[in-house]
């Protein structure tokens, strides 16, 4: 592999056909849709071969049967992430991750059990040399566009150096994937002034300041939705709580609107009329719309999708994996982490 | 003071006349409004005497001039909390807190600099014996009514025993103030299963389980707005970020609605028509509506209000202080913390 620039070899992408609430229906259809949009990669489907073939045939899709990798077990959405890796060694998630580890594939895409997919990617694919903790980001809607928060649950009890790594990896991802050339990075804290972080955040700020990343200092909870900042860094424990809190806002809004409508006939009419406009406006709050997100820092491309992923979401995940491969993202992260190792170890 | 039951002596309440964005106008008017609603307490106003008198006179209010405590300095909203206590010893916040410490008053109410008010209450009034960390809660709207989150920023880097104390104090407050007799308490985590907390949360869960509090285990970020749970406990760092994130949601919604309206004439009309109904529905998301919140665990009653508090909010804060005094809340917290000390120290 070349260590910089872009990747010329065709990307070999495995899709977990069994992962997600509507698998293998949505996964098989979505993955093959991606292939129809861009033939520049090799697609493999991993899972129960008979079920996969049935979806292909009943939907009259065309797919090379040799590219179906049979895996007889399925890690269900409710299974315990780490113990299921051992308990189900022939599951689609374990088999898919193993193929990346054995260099038989470059990328693995799954909308299955998120915890199991994170564990399989981290344990089986392994981490990029120099990376202490892989991280997963989430895009929040923001009055200026989008704000990407790392980490939203790949880890917890992160050390200062881990928070810095999240910033390095998030920054490379934003730049290479054409989001922003020199993305601004803030550390999530209780206030903007110095000293408003917790102990870990205060230490992480010192590392960020020594780097040449576009670090803007502390940011607050309100800044995720309202400030002009590209990337916000926090411990996975904080990010996961925030992500799930944010995801639940539409449910509360629906409840509050219903309550208002019940109190007055005129409110009911007015809210009823504007329902569709409201739905349009709130669409960006629906995190399921965004498709999958990469687990950065593992030694291979790992894209994790929402359980309820549509075929379109699956297709987008596959195309994203291909783009990450073309941009040589794994090697770029390795080089950048190596370059910064002196700063974090000081 | 009697150690249990309710308090018979009249509550002496000091209001920081200089605290808040619309002080002394809103503070003086609001405090005197509270007195008009309930004469069962003694009211004192602390601040610049001439300015206070001017508001009283220009609004033709009636107030005993002897109950105005002159304080020549003001801690501004932008002042550094801890250093301003030393730099401005004659400020209304310092003078008010000192009166509680010297037992010249029972309660202190301020809508001024939140950090300075928390620091003054903690440092000058002192903590209730046995309390490691005072805590401040925030009420979040919830599909089942209201969910109170402790801590939202009185502390950070809390130890497991501090999280447990937050639960004890929050529980007493909910019960004594007539909110809920045996409030359910959850620990904010990344998932509902055991092991989904961070290190501190996992340890705190063990203490909660040994207590007779109504502990329901781990809860997730989405549960704040959607689960039937009365109290959610977290580190002040997490709670503060969540609170500010939540406060910023209406701003994002407004932006998203505007965006939709700009794209289509019909959406514009429909959103315009429903504007007032939407405003009504979102009212409970506006944390300024809720008035002040108590800092629990300090040796006296300390109520902290939003900088933009209206006279009505100030009046509600005063009446709440009076109720806390009547219910003998400070002593009840002391007794309960003493009772639980064996559990936390084990």
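Residue numbers (my numbering), protein chains in the order written: chain A, 1 to 346; chain B, 1001 to 1346.
Using N, Cα and C, we set each Cβ at its ideal position, and we do this for glycine too.
Asked	Found
If you compare alpha carbons, which of A/203, A/109 and A/237 is closest to residue 149 of chain A?	A/237
By the 10 Å Cβ neighbour count, where 16 or more other Cβ atoms means buried, how is residue 1012 of chain B classified, buried or exposed?	buried
Alpha carbons only, please: which of B/1241, B/1260, B/1186 and B/1262 is nearest the one belonging to residue 1228 of chain B?	B/1186
Step through the CB atoms of chain A and report whether any lies within less than 8 Å of the CB of residue 1260 of chain B.	yes
Hey, quick one: how far does the beta strand (DSSP E) through residue 1143 of chain B stretch, first residue to last?	Where residue 1143 of chain B is concerned, there is no enclosing beta strand (DSSP E), given that its DSSP letter is neither H nor E.
For the candidate residues B/1307, B/1267, B/1032 and B/1040, whose alpha-carbon lies nearest to that of residue 1022 of chain B?	B/1307
Are the C-beta atoms of residue 3 of chain A and some chain B residue less than 8 Å apart?	Confidence at residue 3 of chain A is low in this model, with a pLDDT of 47, below 50, so its placement is unreliable and the value that follows should be read with caution. With 8 Å as the cut-off, residue 3 of chain A does not count as an interface residue toward chain B.
Using a Cβ-Cβ cut-off of 8 Å, state whether residue 114 of chain A counts as contacting chain B.	no
For residue 237 of chain A, return the contacting residues in chain B, with the cut-off set at a CB-CB distance below 7 Å.	1190 and 1198
Distance cutoff 8 Å, beta carbons only. Does residue 1185 of chain B sit that close to anything in chain A?	no
Since residue 163 of chain A contacts residue 204 of chain A with CB under 8 Å, what's their CB separation in whole angstroms?	4 Å
Just verifying my parser: in three-state terms, what is the DSSP assignment at residue 128 of chain A?	coil
Using the three-state DSSP reduction, which class does residue 181 of chain A fall into: helix, strand or coil?	coil
I want to see whether chain A comes within less than 8 Å of residue 1338 of chain B, judged by CB atoms only; does it?	no
Can you grab the Cα-Cα spacing for the pair residue 128 of chain A / residue 136 of chain A, in whole Å?	14 Å
Taking the straight line between their C-alpha atoms, what separation do you get for residue 350 of chain A and residue 1300 of chain B?	What is shown of chain A runs 1 to 346, which leaves residue 350 of chain A out entirely.
Tell me which residue opens and which closes the beta strand (DSSP E) that residue 1110 of chain B is part of.	1107-1110
Residues bridged to residue 150 of chain A by DSSP?	A/137 and A/233
Taking C-beta to C-beta, are residue 1028 of chain B and residue 1069 of chain B nearer than 8 Å?	no
Look at the Cβ atom of residue 1224 of chain B, then the Cβ atom of residue 1343 of chain B, and state whether they are nearer than 8 Å.	no
Below 7 Å CB to CB, which residues in the same chain sit around residue 349 of chain A once its five sequence neighbours on both sides are set aside?	Nothing can be reported for residue 349 of chain A: it is not among the residues displayed for chain A, which extend from 1 to 346.
Hey, how far is the Cα of residue 1039 of chain B from the Cα of residue 1298 of chain B?	26 Å
Determine the chain B residues that contact residue 156 of chain A at a beta-carbon separation under 7 Å, and present them in chain order.	1190 and 1198
With DSSP as the reference, please indicate the residues paired to residue 217 of chain A in a beta bridge.	A/186
Which residues in the same chain have their Cβ closer than 7 Å to the Cβ of residue 1252 of chain B, if we skip the five residues on either side of it in sequence?	none
Roughly how many whole angstroms lie between the Cα atoms of residue 15 of chain A and residue 35 of chain A?	12 Å
So the beta strand (DSSP E) residue 985 of chain B belongs to, where does it begin and stop?	No answer is possible for residue 985 of chain B: the residues shown for chain B start at 1001 and end at 1346.
Compute the Euclidean distance between the alpha carbons of residue 194 of chain A and residue 234 of chain A, then round it to the nearest angstrom.	16 Å
Quick check on residue 1068 of chain B: does DSSP put it in helix, strand or coil?	strand
Would you give the residue range spanned by the alpha helix (DSSP H) that residue 170 of chain A belongs to?	160-176
What is the DSSP secondary structure of residue 73 of chain A, reduced to helix, strand or coil?	strand
Are the segment 1268-1275 of chain B and the segment 265-275 of chain A touching by the rule of at least three beta carbon pairs closer than 8 Å?	yes
Return the residue from the list A/114, A/138 and A/77 that minimises the CA-CA distance to residue 147 of chain A.	A/138
To the nearest whole angstrom, what separates the beta carbons of residue 240 of chain A and residue 1077 of chain B, a pair I think is in contact under 8 Å?	Going by Cβ atoms, the distance from residue 240 of chain A to residue 1077 of chain B rounds to 33 Å, so no, they are not a contact pair.
Between which two residues does the alpha helix (DSSP H) carrying residue 96 of chain A extend?	92-101
What would DSSP say about residue 327 of chain A, mapped onto helix, strand or coil?	coil
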